[in-house]
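For reference, the structure is listed below as structure tokens.
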Amino acid sequence: MAKDTRTQMFPHEWRASTTLSGVYALRMLGMFLVLPVLALYAATLPGAEDNKALVGMAMGIYGLTQAVCQLPLGMASDKFGRKKVIYLGLLVFAAGSFMAAVSDSLPALVAARAIQGAGAVSAAVTALLADLTRNEVRTRAMSMIGLSIGLTFSVSLVAAPVMAEWIGVSGLFVLTGVLTLASIGVVAWLTPDAEESKLHEDAQAQPSRFGEVLKNRQLLSLDFGIFALHAAQMALFTALPFAMSDLGLEKLQHWKVYLPSTIIGLVAMVPLIIIGETRNKLKQVFLLGIVCIAAAQIGLLFGLHSIWVIAVCLIVYFIGFNVLEASLPSMVSKIAPSDLKGTAMGVYNTMQSVGLFAGGASGGILFQYYGFSGVFAFCSVLMLLWLAIAAAAPAPKPVKNISYRIGETWQQETDSLYRALTEVAGIESITFSQDKTTVYIKALQKGFDRAAAEKIISGV
């Protein structure tokens, strides 16, 4: 019975995990749904004449405002309440979506996209989910958010061209705004209220400790990686839709290229990640992912004369992209100190947003002045640079993060608890939360005596 209590989610935790994953996914849907069609649409607006640089800005500007706003809004949720900040962020995002729908010029669309990005609720959503879940199931709850984002991205690439034909890109923005307003109701009426809000070091950023994260070279290499991955992605989608259209493939037909690419990428990702995690081959799989994207970008550099070559390149690209999207957070989690995991992920998420902006802005400028070759040469060089950095970095240890709530007796004797736990086989590091109510353990995936650790912590 005790085992089930520890490993199974309570009903309110399931409800919190599913509803907040849905809110997260709906917000990301607004970003992903327009990704394959936005560049072509933006190029038709007044103010876009011979101005691919501004088209690129429309693609990526939301990343800049998101990077600026997401951590402050997360900190505001500590002071003013999680749900209040989530409501505010979603209202801002919905307002930006409706503004984008009625934008009658490219500069107006850029401004609307900037407002969309300012509704950055990811940190507040993560904090609320941490408040509503126990230490033992929190990782599983967070993984549900990651899964929802991945599925949303794949569905959006395929659905966007078809939906844009039915309701137009303006209709996609309206749909996004309506769904965002609906998600406010989901948070208000379906997501449970937290009994207590506090800092969760394993899930939330601690700005005062950013310096510790920024001194870690392994984490910095991963931060560069997520920056490069999303910069190259945004640059690719700034130019590639034009290349397919130039080859005679109408916008409505673009899904025929995206569908097999995304499906094969998702299917191939699963066994690769399993091999990486269970056989201690994570670095090898990680490097393979970078090689796939580099090969795809180089292939696009020389292969834009054929839809079939583009399709093959995109299949290779999405295999690599899905592997990296899944393995990068896992590697950050393994490398970051347990009590700094939330801070490390805060920096990581910020660099992801900065990458989106840099890719859109750089892709637009390069496309305007150097054409397709400039864009895909930039992406290829960026990936090769990342490959060199990643190859030189040491492989992460095969560890997992485990956290336990500790009783009042041990809270007064954390030094004694630390010494007792150091005797347990397979424990790599032990840290405590600031309030001394939680112990964070980084343990080997194989060889960790979990029963012994739990016996000590429980005091039995």
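Residues in the sequence shown are numbered consecutively from 1, following the numbering used here. Glycine is no exception: its CB is placed at the ideal position from the N, C-alpha and C atoms.
Residues bridged to residue i (per DSSP)
| i | result |
| --- | --- |
| T431 | Y440 |
Expected contact under 8 angstroms - CB spacing of residue i and residue j to nearest Å
| i | j | result |
| --- | --- | --- |
| V381 | L444 | That pair is no contact at about 38 angstroms. |
| M244 | M59 | Between M59 and M244 the Cβ distance is about 16 angstroms, and since that is not below 8 angstroms, they are no contact. |
| T191 | A94 | About 17 angstroms; that fails the 8 angstroms criterion. |
| A76 | A127 | No, A76 and A127 are not in contact; Cβ-Cβ is about 10 angstroms, not under 8 angstroms. |
| V354 | F227 | 6 angstroms |
| I275 | K283 | In fact, because the Cβ distance is near 12 angstroms, the residues do not count as touching under 8 angstroms. |
| T176 | M28 | With 8 angstroms as the limit, T176 and M28 do not qualify as a contact, their Cβ atoms being about 10 angstroms apart. |
| M383 | I273 | The Cβ separation is near 20 angstroms, so there is no contact. |
| D78 | E201 | Not confirmed; about 13 angstroms, so no contact. |
| G320 | G289 | 4 angstroms |
| A39 | Q70 | Not a contact, Cβ separation roughly 24 angstroms. |
| S327 | V285 | 6 angstroms |
| G96 | A205 | G96 to A205, Cβ: 24 angstroms. No contact. |
| T350 | A67 | 5 angstroms |
Start-to-end residues for the alpha helix (DSSP H) that takes in residue i
| i | result |
| --- | --- |
| S306 | Premise fails: S306 is in no alpha helix (DSSP H) and is neither H nor E. |
| G364 | 341-392 |
| S416 | 414-421 |
| H12 | 11-32 |
| P207 | No alpha helix (DSSP H) holds P207; DSSP gives it neither H nor E. |
| S338 | That residue, S338, is in no alpha helix (DSSP H); it is neither H nor E in DSSP. |
| Q66 | 52-80 |
| T409 | 408-411 |
| P260 | 255-278 |
| T176 | 135-189 |
| V125 | 122-132 |
| V110 | 106-118 |
| S197 | First-last for S197: undefined, no H or E at that position. |
| K455 | 450-458 |
| T238 | 217-246 |
| A42 | 38-42 |
8 angstroms Cβ shell around residue i - same chain, five flanking residues per side excluded
| i | result |
| --- | --- |
| D193 | K83 |
| V187 | T19, L20, V23, K83, I86, Y87, L90 |
| M9 | S17, T133, V137, R140, A141 |
| V332 | L219, L222, K341, A344, M345, Y348 |
| E454 | Y404 |
| Y258 | P36, L157, V158, P161, L314 |
| L287 | L387, A390, A391 |
| G81 | S197 |
| R6 | With a pLDDT of only 48 at R6, under 50, the local geometry of the prediction cannot be trusted, and no value is derived from it. |
| N51 | L106, Q368 |
The beta strand (DSSP E) enclosing residue i, as first and last residue numbers
| i | result |
| --- | --- |
| S403 | 399-405 |
Cβ shell of residue i (< 6 angstroms), same chain only, five flanking positions each side left out
| i | result |
| --- | --- |
| D131 | A194, S197 |
| I145 | S21, Y24 |
| T65 | A114, G117, A118 |
| L33 | S156, A160, L172 |
| L229 | L324 |
| L54 | L106 |
| A231 | G355, A358, G359 |
| G101 | Looking at the sequence provided, one finds Ala at residue 101 rather than Gly. Hits under 6 angstroms: S170, F173, V174. |
| G56 | T238, G360, A361, G363, G364 |
| D4 | At D4, the pLDDT of 39 sits below 50, so the modelled position is not reliable and the matter cannot be decided from this model. |
| G63 | S353, L356, F357 |
| F448 | G426 |
| A420 | I456 |
| S103 | L109, A112 |
| S462 | Here the chain has residues from 1 to 460 only, and residue 462 is not among them. |
Sequence-distant residues of the same chain with beta carbon closer than 7 angstroms to residue i, five excluded per side
| i | result |
| --- | --- |
| A164 | V37, L172, K251 |
| I402 | I441, A443 |
| M1 | Because M1 sits at a pLDDT of 34, beneath the cut-off of 50, its placement in the model cannot be relied upon, and the point is left open. |
| L26 | L179, T180, S183 |
| I149 | Y24, A25, M28 |
| A42 | A48, V55, A58, L106, L109 |
| C379 | A232, A235, L236, Q297 |
| L301 | S373, F376, A377, S380 |
Three or more C-beta pairs below 8 angstroms linking the segment 139-151 and the segment 10-20: Pairwise C-beta distances place the segment 139-151 in contact with the segment 10-20, as three or more of them are shorter than 8 angstroms.
Inter-stretch contact (C-beta, 8 angstroms, three-pair minimum) for the segment 267-274 and the segment 395-409: A contact is defined here as three or more CB-CB pairs under 8 angstroms, and the segment 267-274 fails this definition with respect to the segment 395-409.
Can you confirm whether the segment 364-384 touches the segment 419-434 when touching is taken to mean that 3 or more C-beta pairs between the two stretches lie within less than 8 angstroms? With a cut-off of 8 angstroms, the segment 364-384 and the segment 419-434 do not count as touching, because too few Cβ pairs lie within range.
If contact is defined by three or more beta carbon pairs under 8 angstroms, each pair taking one atom from either stretch, is the segment 402-421 in contact with the segment 295-315? These segments do not touch.
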